[in-house]
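Note sheet for the following structure.
Protein chains: 2
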Amino acid sequence: MAGRRYLFTPGPTPVPPQVLAALAEPVIHHRGADFRPVYERCLARLREVCRTDSDVLLFTGSGTAAMESVGVNLCAEGTRAIVVSAGNFGQRWEQIAAVHGAEVEAMRYEWGESPRPDDLAARLAELGGADVVFLTHSETSTGVVADLQPLAAAAKEAGALVAVDAVSSLGAVPLETDAWGLDALVSGSQKALMTPPGLALCAVSPQALAARKPGRSFYLDWERTQKAQAKLDAAFTPATSLIVALDVALGLLLDEGLEAVFERHVRLGRACRAGAKAMGLELFSPDDDRSAVVTAIRSPDGVESGAVVSALRERFGMTIADGQGPLKGKVFRIGHIGWFDVFDITTVLAAVELVLAEFGADIERGTAVTAALEAFEHAAVA
Amino acid sequence: MAGRRYLFTPGPTPVPPQVLAALAEPVIHHRGADFRPVYERCLARLREVCRTDSDVLLFTGSGTAAMESVGVNLCAEGTRAIVVSAGNFGQRWEQIAAVHGAEVEAMRYEWGESPRPDDLAARLAELGGADVVFLTHSETSTGVVADLQPLAAAAKEAGALVAVDAVSSLGAVPLETDAWGLDALVSGSQKALMTPPGLALCAVSPQALAARKPGRSFYLDWERTQKAQAKLDAAFTPATSLIVALDVALGLLLDEGLEAVFERHVRLGRACRAGAKAMGLELFSPDDDRSAVVTAIRSPDGVESGAVVSALRERFGMTIADGQGPLKGKVFRIGHIGWFDVFDITTVLAAVELVLAEFGADIERGTAVTAALEAFEHAAVA
Numbered sequence: 001m002a003g004r005r006y007l008f009t010p011g012p013t014p015v016p017p018q019v020l021a022a023l024a025e026p027v028i029h030h031r032g033a034d035f036r037p038v039y040e041r042c043l044a045r046l047r048e049v050c051r052t053d054s055d056v057l058l059f060t061g062s063g064t065a066a067m068e069s070v071g072v073n074l075c076a077e078g079t080r081a082i083v084v085s086a087g088n089f090g091q092r093w094e095q096i097a098a099v100h101g102a103e104v105e106a107m108r109y110e111w112g113e114s115p116r117p118d119d120l121a122a123r124l125a126e127l128g129g130a131d132v133v134f135l136t137h138s139e140t141s142t143g144v145v146a147d148l149q150p151l152a153a154a155a156k157e158a159g160a161l162v163a164v165d166a167v168s169s170l171g172a173v174p175l176e177t178d179a180w181g182l183d184a185l186v187s188g189s190q191k192a193l194m195t196p197p198g199l200a201l202c203a204v205s206p207q208a209l210a211a212r213k214p215g216r217s218f219y220l221d222w223e224r225t226q227k228a229q230a231k232l233d234a235a236f237t238p239a240t241s242l243i244v245a246l247d248v249a250l251g252l253l254l255d256e257g258l259e260a261v262f263e264r265h266v267r268l269g270r271a272c273r274a275g276a277k278a279m280g281l282e283l284f285s286p287d288d289d290r291s292a293v294v295t296a297i298r299s300p301d302g303v304e305s306g307a308v309v310s311a312l313r314e315r316f317g318m319t320i321a322d323g324q325g326p327l328k329g330k331v332f333r334i335g336h337i338g339w340f341d342v343f344d345i346t347t348v349l350a351a352v353e354l355v356l357a358e359f360g361a362d363i364e365r366g367t368a369v370t371a372a373l374e375a376f377e378h379a380a381v382a
Numbered sequence: 001m002a003g004r005r006y007l008f009t010p011g012p013t014p015v016p017p018q019v020l021a022a023l024a025e026p027v028i029h030h031r032g033a034d035f036r037p038v039y040e041r042c043l044a045r046l047r048e049v050c051r052t053d054s055d056v057l058l059f060t061g062s063g064t065a066a067m068e069s070v071g072v073n074l075c076a077e078g079t080r081a082i083v084v085s086a087g088n089f090g091q092r093w094e095q096i097a098a099v100h101g102a103e104v105e106a107m108r109y110e111w112g113e114s115p116r117p118d119d120l121a122a123r124l125a126e127l128g129g130a131d132v133v134f135l136t137h138s139e140t141s142t143g144v145v146a147d148l149q150p151l152a153a154a155a156k157e158a159g160a161l162v163a164v165d166a167v168s169s170l171g172a173v174p175l176e177t178d179a180w181g182l183d184a185l186v187s188g189s190q191k192a193l194m195t196p197p198g199l200a201l202c203a204v205s206p207q208a209l210a211a212r213k214p215g216r217s218f219y220l221d222w223e224r225t226q227k228a229q230a231k232l233d234a235a236f237t238p239a240t241s242l243i244v245a246l247d248v249a250l251g252l253l254l255d256e257g258l259e260a261v262f263e264r265h266v267r268l269g270r271a272c273r274a275g276a277k278a279m280g281l282e283l284f285s286p287d288d289d290r291s292a293v294v295t296a297i298r299s300p301d302g303v304e305s306g307a308v309v310s311a312l313r314e315r316f317g318m319t320i321a322d323g324q325g326p327l328k329g330k331v332f333r334i335g336h337i338g339w340f341d342v343f344d345i346t347t348v349l350a351a352v353e354l355v356l357a358e359f360g361a362d363i364e365r366g367t368a369v370t371a372a373l374e375a376f377e378h379a380a381v382a
């Protein structure tokens, strides 16, 4: 159908029409009386979504800008950093910490593995601690959602600050910034927060602020942004239209209720995995309720995953994601983060099934949609 | 009128309805077939607007992010920087260069003065040159548009790289990146480019790229962004909706024609100054055709400029800007950058006149609108 598009990637994600409509409102001035109440409410809603009483600093930028804010504010020459990585975005932490002078101890797992808290505790003991431990909550490149709470606990236990990439997890899976002792939690507007890309956030604990290395960045300096936000000002002209839209999206998220949203994502993950398995495909991401945001599926024998991605795009205007790095050509990834319902899952599975069949893959036809619907029906929590 | 709003600040500026409508289009993936042609055209249009054959690097961020990209890519410990400043944004260059380790020689003029090329040449001669000279094209805090070409020439003559803040000038007043030898030209989406805030750009010359200090930033590293753009990719998830909108806005700008746009801004400046003078107000910004983007006006005796700003906002939903820094309370600023017509000028002048009269200021009534229309009518170039 000409012009019809389906966005099933792990981000950017589809944006609800109410949020798109808010984007199209006339521009208002960021220091004016119309903007301040929206800004104040948006910042409060971000704290609610992050489950923190600390400041959530809002930057105009990609999610990586907020990641770099952590690097530039917490790392300097001699900072001892441990980076736990099992995919593309974990490796990004390594690069950022290194750029800002940290001595980086890379704890690398194979892509697709789930990091183990015991390994981190052991490494911290061997090294006599660390200043900062960098973690990835949802590794978008593999579909693995790490068991964050015990990982963070291991780091806290050893006296380290905990920095977390929650770009594709915040607002989709359980995440407790304060209760889990997370010191710098990074996310972006374009995943579960159901807003176009362009806003990045960093929730910073008092401990993280106290450990801040001053004067290493102008744009990404935490203190400059924090001081401005305390006066409901912005240090620099912010992306006002995106903030107005984000406020609407956060309202939708909180109206549904965070626990209901988390449950929906668990059920979306179950539906996607059940459908893929029903047609005989092998999962790459764990067959586990925690993997609720991205399902990575091995492309069947003889079918290059990039060809599946291209066929879906060309035939149906449908976008899913190929594997990244070593997984390119081998897995394809279906995102179900944010504004997703089970019928998005049945749609993408039906299309994948058709395309794979046409490529001659040995798959079972006509079962995926039903399996997905069945799996979605049951409450996630007994 | 309830809900009616007028945005007459020096940025963000009003956004045309076509551009707002583009913002509300469904989100598309930044690596998909729908986005690439838009991205390619947008980058080409930016080169056309900047009048450069070099790369225009596009960052998701405020204009200050692009300014910081210059600091982080061109400055390091020992870099000899001269910053020419005569207002708030010139001083920002000082701060950014210093954060990144440069030895900063600050050539400060009083706020509102126009920097003199001879002064720069003399200072360069005294100092035996510099690595980078930082200039501000349009000093938004005072309304002064510097005579950029001879300033840049003085810097080039002494072998320095030339970095220019063109945030509020690009697309409003004549600016020749290549012909004037500008090495790093910074701007943002939210001024004459008629798009909401959130995108920042930096046009970089081959000389600037060759002088780049590698590995000092991850997000703002010029090479990472340049390499991605060369493949029509983005180094990080970009603000796709804003890019789609910017592309539409740049199309409007280029359809009107840059020379016609420059002429319109000259005439808008004339109209604003003529109207202000007709009611007996004293200009703070120069009474000069180059001051075509912001008109700064001294608040009359006994009237605090912030009260004028507040009254316009509260009574008419109209936003203008107070003075910044030492000018706070003393001048008010009317922006006429981007999507402005003479009837925006007559509207703001009519409202200013009414408000000042009510404050008891000694002004002439009933002349400003006519004077503005008269001044606008005549072609700017004989």
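Going line by line, the protein sequences match chains F and H. So that you can map any letter, position 212 of the first sequence is 212 in my numbering, and since no number is skipped, the others follow by simple counting. So that you can map any letter, position 268 of the second sequence is 268 in my numbering, and since no number is skipped, the others follow by simple counting. For glycine and all other residues, C-beta sits at the position ideal for the given N, C-alpha and C.
Paired residues, beta bridge with D55/F - DSSP
V204/F
Could you give the distance in angstroms between the alpha-carbon of A192/F and the alpha-carbon of F284/F?
22 Å
Tell me, which residues are paired with Y39/F by DSSP?
For Y39/F, which the question treats as bridged, DSSP gives no partner whatsoever.
Three or more C-beta pairs closer than 8 Å, one from the stretch 221–235 of chain H and one from the stretch 364–373 of chain F: is that the case here?
no
Run through DSSP, which three-state label would L242/H get?
helix
Could you spell out where the alpha helix (DSSP H) holding F376/H opens and where it closes?
368–377
For G257/F, which option in L57/F, L7/F, R51/F has the closest C-alpha, if you only look at C-alpha atoms?
R51/F
Tell me, please, whether the CB atom of S441/F is closer than 8 Å to any CB atom in chain H?
Residue coverage of chain F in this structure runs from 1 to 382, which leaves residue 441/F outside it and unanswerable.
Out of V133/F, T140/F, S141/F, which one is the CA nearest neighbour of P150/F?
V133/F
Examine chain F for any beta-carbon lying closer than 8 Å to the beta-carbon of F340/H, and answer yes or no.
no
Taking only beta-carbon positions, decide if E68/F is within less than 8 Å of chain H.
yes
Assuming V293/H and I337/H are in contact, meaning their beta carbons sit under 8 Å apart, how far apart are those beta carbons, in whole angstroms?
5 Å
Using a Cβ-Cβ cut-off of less than 7 Å, list which residues of the stretch 45–69 of chain H approach chain F; keep chain order.
T60, G61, S62, G63, T64, A65, E68
Could you tell me which residues DSSP pairs with G108/H in its beta bridges?
Sequence check: residue 108/H is Arg here, not Gly. S85/H, per the DSSP bridge assignment.
Amino acids of chain H, ordered along the chain, whose beta-carbon sits closer than 7 Å to that of I96/F:
F218
Using a threshold of 8 Å, state whether the C-beta atoms of L23/H and L23/F are closer than that.
yes
Within chain F, the residues that A21/H reaches when beta carbons sit closer than 9 Å
A24
Could you pull out every residue in the same chain whose Cβ sits closer than 6 Å to the Cβ of E282/H, ignoring the five residues on either side in sequence?
R298
For P10/F and K156/F, the rounded distance between their alpha carbons
30 Å
In three-state terms, what does DSSP make of G101/F?
coil
Can you name, in chain order, every residue of its own chain whose Cβ lies under 7 Å from the Cβ of V70/F, other than the five neighbours on each side?
A163, A184, V186, C202
Where does the unbroken alpha helix (DSSP H) through S310/H begin, and where does it stop?
305–316
Pull out every residue of the stretch 325–336 of chain H whose Cβ sits closer than 7 Å to any Cβ of chain F, in chain order.
none
Rounded to whole angstroms, what's the CA-CA distance from A398/H to R80/F? Just pull it up for me.
The structure shown does not extend to residue 398/H, since chain H is modelled only from 1 through 382, so no value can be given for it.
List the residues that DSSP assigns as beta-bridge partners of Y6/F.
M318/F
Chain H contacts made by the stretch 28–45 of chain F, where a contact means CB separation under 8 Å
I28, H29, H30, G32, A33, D34
Looking at the strands, I want to know which residues DSSP matches up with S169/F.
In DSSP, S169/F forms no bridge with anything.
F218/H (DSSP reduced to helix, strand or coil):
coil
May I have the straight-line CA-CA distance separating F59/F from T13/H, to the nearest angstrom?
20 Å
Using a threshold of 7 Å, is the CB atom of P37/F nearer than that to any non-hydrogen atom of the ligand ZN?
Of ligands this structure carries none, so the ligand ZN is not represented either.
DSSP-derived helix/strand/coil call for A158/F:
coil
According to the neighbour-count rule (16 or more other Cβ atoms, all chains shown, within 10 Å of its Cβ), is L349/F buried or exposed?
buried
Report yes or no: is there a C-beta of chain H within less than 8 Å of the C-beta of G198/F?
yes
Member of S189/F, D289/F, R92/F whose CA lies at the smallest distance from the CA of A245/F
S189/F
Going by DSSP, what residue range makes up the beta strand (DSSP E) through G188/F?
184–188
Name the residue from A357/F, S291/F, K328/F, V15/F whose alpha carbon lies nearest to the alpha carbon of S169/F.
S291/F
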